[in-house]
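Counting in our numbering, the final residue of the sequence shown is number 209, and the numbers go up one at a time with none missing. Have a look at the structure below before the remarks.
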Amino acid sequence: MFEQLEFDEKGLVPCLAQDFASGEVLTLAYANEESLRLTVETGELHFYSRSREEIWRKGETSGNVLKLRQLRYDCDGDAIVALVEPTGPACHTGERSCFFRELEGGEEPAPVAYEALATLERTLRSRAAERPDGSYTVKLLDDSRLIGEKVEEEAEEVVRAAREESDERVAEEAADLLYHLSVLMTSRGVPLSAAMEVLNGRRR
């Protein structure tokens with residue numbers, strides 16, 4: 006099954022776990038052939054612990070397992086990316102990702118473009134669950150008519166900006182539209198990844 010892979014002298018290969026929906030990098034560990042077979046057979050990510058010298062199922066103590074969606078290997082066959090569905094924080098510290106510090110200064114990294122929608126979606130779910138007083142998001146979630154009207158309004162403003170205004174204004178109006186559309190989808194319980202899967206299905 007894994008004849009395409011080039012395991013190192015210890016029979017290991019680095020395996021990077023990546024959120025299949027958002028693309029966010031979650032953790033890095035090592036796998037051997039047996040742990041990979043278990044991953045494929047169970048649908049949950051298994052690694053090989055170099056310190057304990059044993060196979061371990063990610064999340065076996067915390068319950069925060071990584072459900073496998075796809076395994077990919079690189080051009081040399083000596084590294085793997087596991088696209089996974091996380092069921093909780095991937096890091097033993099409780100952080101969503103093990104890569105939560107920036108090398109320069111050791112502080113929380115500044116967000117980058119591809120993280121924006123995933124972060125927004127988690128924030129919207131939090132608002133829906135916690136329902137803080139005075140939240141504009143909660144107001145929208147409680148009024149399906151209003152959120153529908155706001156999506157229509159923001160879509161019109163993007164078109165107007167594209168026709169009459171600067172590229173910066175187009176980006177700003179598009180951000181407003183993406184926010185309100187994300188709230189609408191959250192109100193229906195439809196994840197953003199569902200729309201992305203539809204787009205993938207339309208590839209020619």
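For glycine and all other residues, C-beta sits at the position ideal for the given N, C-alpha and C.
For ALA166 versus LEU146, is the C-beta spacing smaller than 8 Å?
-> Here residue 166 refers to the residue found at position 161 when the sequence shown is read from its first residue. Here residue 146 refers to the residue found at position 141 when the sequence shown is read from its first residue. In this structure, ALA166 sits away from LEU146, with a CB-CB distance that is not shorter than 8 Å.
Would you tell me roughly how many angstroms separate the C-alpha atoms of LEU204 and GLU58, rounded to the nearest one?
-> Indexing the sequence shown from 1 puts residue 204 at position 199. Indexing the sequence shown from 1 puts residue 58 at position 53. The C-alpha of LEU204 lies about 43 Å from the C-alpha of GLU58.
What's the call for SER131, buried or exposed, on a 16-neighbour Cβ count within 10 Å?
-> For the purposes of this step, residue 131 is identified with residue 126 of the sequence shown, where counting begins at 1. With fewer than 16 other beta carbons inside 10 angstroms of its own, SER131 counts as exposed.
Quick check: the stretch 17–27 against the stretch 81–91, are there 3 or more CB pairs under 8 Å?
-> Segments in contact, yes.
Span of the beta strand (DSSP E), counted from its first residue to its last, around LYS15 | The residue labelled residue 15 in the question sits at position 10 within the sequence shown. It is not in any beta strand (DSSP E) - LYS15 carries neither H nor E in the DSSP assignment.
Just the Cα atoms here: how many angstroms apart are ARG42 and ARG127?
-> In the sequence shown, counting from the first residue as 1, residue 42 sits at position 37. In the sequence shown, counting from the first residue as 1, residue 127 sits at position 122. Distance between the alpha carbons of ARG42 and ARG127: 32 Å.
Does DSSP classify ALA179 as helix, strand or coil?
-> Locating residue 179 in the sequence shown gives position 174, where the first residue counts as 1. Residue state, collapsed to three classes: helix.
For GLU154, collect the residues of the same chain with a Cβ closer than 6 Å to its Cβ; drop the 5 residues on either side in sequence, then sort them by chain order.
-> Against the sequence shown, residue 154 aligns to sequence position 149. For GLU154, where only same-chain residues beyond five positions count, there are no Cβ hits under 6 Å.
Alpha helix (DSSP H) segment containing ARG165, residue limits | For the purposes of this step, residue 165 is taken as residue 160 along the sequence shown, with counting starting at 1. Here the alpha helix (DSSP H) through ARG165 covers 149–169.
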